[in-house]
Amino acid sequence: MSQSFLDQLWIARFVILNGLGMTVSISILSIIAGSVLGIFVGLALAYGKWPLRLVVRAYTDIIRGTPVLVLVLASYYISAAAGLDLKPFSAGVLALAIFCSSHVGEIVRGALQAISKGQTEAAKAIGLTFGQTFTSVLWPQAMRQCLPAWVNTAAEMVKASTLLSVIGVAELLLRTQEIISRNFMSLQFYFLAGALYFVVNFAIERFGKYVERKTALPS
Amino acid sequence: MNYTLNFAAVWRNFDGLINGLVLSLGLAVVSILIGAVIGLVVAFALMSKNPVAAMPARLYVTIIRNLPILVLVLFAYFALPQMGVRLDKIKSFVLVLSIYSGAYLAEVFRAGLLSIPRGLTEAGLAIGLTSTQIRKSIIAPLMFRNVLPSLSSTVISLFKDTSLAAAIAVPELTFAARKINVESFRVIETWMVTSAIYIATCFLIAFGMRFIERRLALPR
Amino acid sequence: MAKTILEINGLRKTYGQNEVLKSVDCSVEEGEVISIIGSSGSGKTTMLRCVNMLEEFQGGTIRLDGEEIGYHVEGSTRRRKSEKEIARQRALTGMAFQQFNLFPHMTAAENVMLGLIKVKKMKKPEARAIAEKWLDRVGLGARTNHFPGQLSGGQQQRVAIARAIAMSPRLMLFDEVTSALDPELVGEVLQVIKGLAADGMTMLLVTHEMRFAYEVSSRVIFMNQGVICEEGDPKEMFVKPKTERLAEFLKTSSFN
Amino acid sequence: MAKTILEINGLRKTYGQNEVLKSVDCSVEEGEVISIIGSSGSGKTTMLRCVNMLEEFQGGTIRLDGEEIGYHVEGSTRRRKSEKEIARQRALTGMAFQQFNLFPHMTAAENVMLGLIKVKKMKKPEARAIAEKWLDRVGLGARTNHFPGQLSGGQQQRVAIARAIAMSPRLMLFDEVTSALDPELVGEVLQVIKGLAADGMTMLLVTHEMRFAYEVSSRVIFMNQGVICEEGDPKEMFVKPKTERLAEFLKTSSFN
Amino acid sequence: ADGSKLDEVLARGKLIVGTGSTNAPWHFKSADDKLQGFDVDMGRIIAKALFGDAEKIEYVNQSSDARIPNITTDKVDITCQFMTVTGERAQQVNFTIPYYREGVGLMLKADGKYADYAALKAAGSSVTISVLQNVYAEAMVRAALPEATVDQYDSVDLIYQALESGRADAVATDQSSLAWYMTQNPGRYKDGGYGWNPQSYACAVKRGDQDWLNFVNTALHEAMTGVEFDTYAKSYKTWFGKDLTPPQIGFPVEFK
Ligand SMILES: Nc1ncnc2c1ncn2[C@@H]1O[C@H](COP(=O)(O)OP(=O)(O)OP(=O)(O)O)[C@@H](O)[C@H]1O
Ligand SMILES: Nc1ncnc2c1ncn2[C@@H]1O[C@H](COP(=O)(O)OP(=O)(O)OP(=O)(O)O)[C@@H](O)[C@H]1O
Ligand SMILES: [Mg+2]
Ligand SMILES: [Mg+2]
């Protein structure tokens, strides 16, 4: 193994890109699914009747108290136990989406509760139903308020996607480990992976800032 | 499914899990305390109008928050010795988790600082306090109360991050669990028990933080 | 006799043990402008909010154009109407709040258009035309595309009034619409309300501006501890109050 | 002639391009009570804040008991004093703000004690005695252990005044201390200020309460667009203003 | 569902094998991203026995933790992943006949402080040994080096990294892995010259399916002693670098 890091990098370029692509797809899918689910979680927490609120509160608290690794394993094995034969990819995305939903749920709840009651009342007073009030008045405001925290969660999801390597999903970290197990250049390739994760997250952060600026209300 | 749960192996090694939990908590407490000091200093630096203070602080927070902690753990343990800094595995993990916590707590603290009206600083100045005295007697205690609700979730996720110490063979909770796994392969049972321990601990942390929050709540 | 628009009968509202409205009776005829006065906590806001079903109430009936608001009462049973039905009834009355409550993510015009589009199911261009007409009426023709954050308090309140009035309500409710405004901005809002009164809009307004109540109202209601304590022509009431309480209230208020 | 406490010479303050104070001169003698009036944006607050070094200023000098405040000027060089020195100088003047700015995590007594302990290096019991004395003086003897959140606006403002006065300042600065208060609470605060005036405290107060300025001040300063436009005895100034501007200002203010 | 896995696999037309992708020479990726290694070849032998075609196979990538759960939850038909046979594990899955016998060896840096096993042993507690995480890892090292410090890591590259970065003085792990690593890095490392701790590697299938187990056993047995010996021998040569002597002709070796 007399080759240099750059040689090894060149040999592994497609594998790394593959892993990166996988990491990005896992992240995007779980962020989207988790956010949609999270909005409902947030709605239930903010406006649900108490039995529903209690159930959803237990859901978020338990999910948030569990290490993501454990969620990933549970999703993979317990889904099998429940007769639902999920492939590692789907099981992993499911676990991350659930994890994401508990965080997004809290964020959405916070944002909804930060909107003054007067907004709902003003909407009611012109005759809007709750559904209309939510979509036209509350959500557009909550969304702006959520954005920074949501971007953080998205970055967390990218980092958490590394844990899918444990159930054999060929994302960036597992791909990196495969390369290392061939050429044993662990430091170099771990740091390459670190740099790639940084780039992905930094891009997300920039994008978030951009959207934040775009949607800022003039005052 | 026709899988029968068997917890015997887990109970046999339960001591190991508990010892692991104690170590996890220890790592978390020490790192978060150091991280809080870093976070406080960095938060004030972030708020500073002086770019010499604000720029490095922003850089630090951006870089650390966007890196998977595993990479940092491996760096501190394997690369730092090559640069002449040799820490044992626990110390090197504490170093990493402190720096990691610092970046997260800095952001939390900064949000807390933003919500303190500027008038309070001016009132402090007006009675002749120095900036340092104002930070210590007025800003910090108020900021701390402001951030308690969001601090809770940060502390919980930092506690969960101690599981990454397993990668460099620190025998904390996840390490102990994996140890049972490789011995017995009772993976489902082990993770069930381990996650129950994590969840219970996180609940206790959240409960404790809420207790502090109530104790410190200002009468009105 | 003019047509009765609003009829409140034995209205009772409690918060837990606290009885905030104790059998309030009141009827409003078309074109009347009624000011509700009374000291803080006497139940003025609560009464207004019951009419718009922003509060539930425990007893009595409120009828708008003869139609029961919020509840259907039959003998001793009392059933809350469906959310959809209540939403429709809320659109029959317009309300302006102390805190304006404009939607901060919409321009002035969009604030006004929202109800027209969602509730009245108008097309956008039609709704915009109406919004612009009303914004013009309240003196904000040049500000239709400004966001609330870009408007002064007085301007915001005028947009809020336009938003309510654009729905062509049968009855307008104003709850201390000038209390949150800097003194120099109060005038412009009161001017708008006077204009509406002159147009024959039926209005119920809670206010602390005694001089304004005196000038604009056809009738004044004085509330005290959850009941209507005295009512009548402002010219008479303010000059020689019949009850001890009103006399006292007027002494401490800014009118004298 | 009484001793001169404050002497402002050619004070100049800019925000970027905007010149907010344009060469202000002013001197205050021991025991004087000076009201600063003027329309919004005329620079009243800014002037007060410069005296307490809450704002930097670009030109001129402020002297308190002959000592240069904030800057050391020698010929054409101008050097900001050290933070520590400025902190010491700030303690020589007391300031009360429109928004009270009490420290919400400390009781009334602790608010007053903080400066005594940290700046005057007193022992706790001594500081507490002084705090209680002053809280008593402002009529809050029974509220020493209440937190700001448990006090009304008027009570909070009185604590804030006690906090400033307890430091035994040479000069008290009041910036519209009643503007954020409900009308019924204004009186109690003004009463406290009148008491201090009667005790011979030297005071500079920015106010919109013309009647109060008229009653309490030994001299009135009228500011307009960053300059002192007219000053003199309130009895004369309010009755026959010399400048057009003051006449106009008085017409729109609540005094008439 | 009552049928054997054998029928199920035949009907499906391909074999699903669980193995890893990060341990050379057992299961790892080639430069062109193909899964390869000794475990992988065992899967191919079984597929060939099933379908006459070694390519009719799908590998499920799994971590070490997942080996047994993936069998018990039917995610894979069989696991071939350098699985050490132990009594406890045999209670959860059925092991096939072993296909390799492993022992633990020591590897040191060629230019390191210690020359060989004797030197390590002599140094007593001052040496640190890095091993793969395992419940008996500690006991395993103790058996050879009673006083050494044991550091456990959860992946193979990390135990090598520990040696490389000076965190450990020697690596103790499977001799096969050490041999592979030393061939890949010629001249940098040396063998400690001591082997111990024998263990058998076998594939594993779900419990209770004797039919399927028999089939796999037959396939492996014939690869080690019968018609497929050349395939087995070729793989052995590739991954362990040694030639095997062909099985003795005549009386079956099993019954000697
Ligand atoms: N959400 C609530 N929960 C409990 N009590 C309430 C609530 N809202 C109002 N009240 C009580 O109901 C009574 C009437 O309140 P209301 O707001 O109608 O008075 P108001 O006449 O409008 O006073 P103001 O002039 O101060 O606005 C008060 O005693 C008040 O404390
Ligand atoms: N932080 C700032 N940045 C820029 N301009 C400022 C700032 N603070 C005040 N100004 C400007 O300085 C001028 C004087 O303000 P100042 O607050 O001193 O007025 P004032 O006389 O106290 O008015 P008011 O009666 O409204 O309190 C105003 O034009 C104001 O817009
Ligand atoms: Mg009210
Ligand atoms: Mg001012």
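Chains as they are written, first to last, in the numbering used here: chain A, 1 to 219; chain B, 220 to 439; chain C, 440 to 695; chain D, 696 to 951; chain E, 952 to 1207.
Idealized CB from N, CA, C, for every residue including glycine.
Bear in mind that the values here come from a model prediction, so they are computed numbers and not experimental data.
Between Ala322/B and Tyr279/B a beta carbon distance of about 6 Å is seen, short of the 8 Å cut, so the two are scored as contacting. If you ignore the 5 residues before and after Ala46/A, its C-beta comes within less than 8 Å of the C-beta of Val108, Arg109, Leu112, Gln113, all in its own chain and listed in chain order. Judged by pairs of C-beta atoms under 8 Å, the stretch 349-369 of chain B does not touch the stretch 402-414 of chain B, as fewer than three such pairs exist.
Using a Cβ distance threshold of 8 Å, Gly19/A and Cys100/A do not count as a contacting pair.
For Gly498/C, the pairing in a beta bridge is given by DSSP as Arg451/C.
Residue list for ligand 2: Tyr710/D, Val715/D, Ser735/D, Gly736/D, Ser737/D, Gly738/D, Lys739/D, Thr740/D, Thr741/D (CB closer than 5 Å to any heavy atom, chain order). In this structure, the CA atom of Pro360/B is about 11 Å from the CA atom of Phe328/B. Exclusion of the five residues before and after Ile167/A leaves Val72, Leu73, Tyr76, Pro88, Ala91, Gly92 as the residues of its chain whose Cβ lies within less than 8 Å of its Cβ. Between Thr583/C and Leu590/C, the gap from beta carbon to beta carbon reaches 8 Å or more. Neighbours of Tyr417/B across chain A, judged by C-beta separation under 8 Å: Gly65, Thr66, Pro67, Val70.
With respect to Gly105/A, Pro148/A sits apart: the two C-beta atoms are not nearer than 8 Å. Around the CB of Asp990/E, 16 or more other CB atoms lie within 10 Å, so the residue is classed as buried. Contact check for Tyr296/B against Ser320/B fails: the beta carbons are separated by 8 Å or more. Around the Cβ of Pro51/A, a 10 Å sphere holds fewer than 16 other Cβ atoms; the residue is exposed.
As computed with DSSP, Asn974/E is found in a beta bridge with His978/E. With respect to chain B, the C-beta atom of Asn18/A has no partner C-beta closer than 8 Å.
Only residues of its own chain outside the window of five on either side were considered, and among them Tyr510 have a CB closer than 7 Å to the CB of Arg517/C, listed in chain order. Minimum Cα-Cα distance from Pro1049/E among the listed residues Glu1089/E, Pro1203/E, Thr1169/E, Leu1195/E corresponds to Thr1169/E. For secondary structure counted as the alpha helix (DSSP H) over 4 or more consecutive residues, the stretch 867-912 of chain D holds these complete runs in sequence order: 878-893, 905-911. Taking non-hydrogen atoms of ligand 1 into account, the C-beta of Val616/C is found less than 7 Å away from none of them.
Between the C-alpha atoms of Ile731/D and Thr873/D there is a straight-line separation of about 14 Å.
DSSP places Lys690/C inside the alpha helix (DSSP H), whose first and last residues are 683-691. Using a Cβ-Cβ distance cut-off of 8 Å, the stretch 970-990 of chain E and the stretch 1187-1202 of chain E are in contact, since at least three pairs of beta carbons, one from each stretch, lie closer than that value. For Pro140/A, the C-beta contacts it makes with chain C under 9 Å involve Phe542, His544, Met545, in order along the chain. Straight-line measurement puts the Cα of Ala1000/E at about 11 Å from the Cα of Glu1006/E. Taking a C-beta distance under 8 Å as the contact criterion, Ile667/C and Cys465/C qualify as a contact pair. The Cβ-Cβ distance between Met642/C and Val472/C falls below 8 Å. Residue burial annotation: Leu377/B is buried, with at least 16 other C-beta atoms found within 10 angstroms of its C-beta.
If you keep only unbroken alpha helix (DSSP H) runs of at least 4 residues inside the stretch 1092-1160 of chain E, you get 1107-1115, 1126-1135. Annotation: the continuous beta strand (DSSP E) that includes Pro1049/E extends over 1044-1060. Judged by DSSP in its simplified three-state form, Ile126/A adopts coil rather than helix or strand. Going by beta carbons, Asp1108/E and Leu957/E fall outside the 8 Å limit. Against Ser181/A, the close residues of chain E are Thr973, Asn974, Ala975, Phe979, Val1107, Asp1108, in the order they occur along the chain (beta-carbon pairs closer than 7 Å).
Chain order gives no chain E residues near Pro287/B, where near means a beta carbon separation below 7 Å; the closest approach is about 16 Å.
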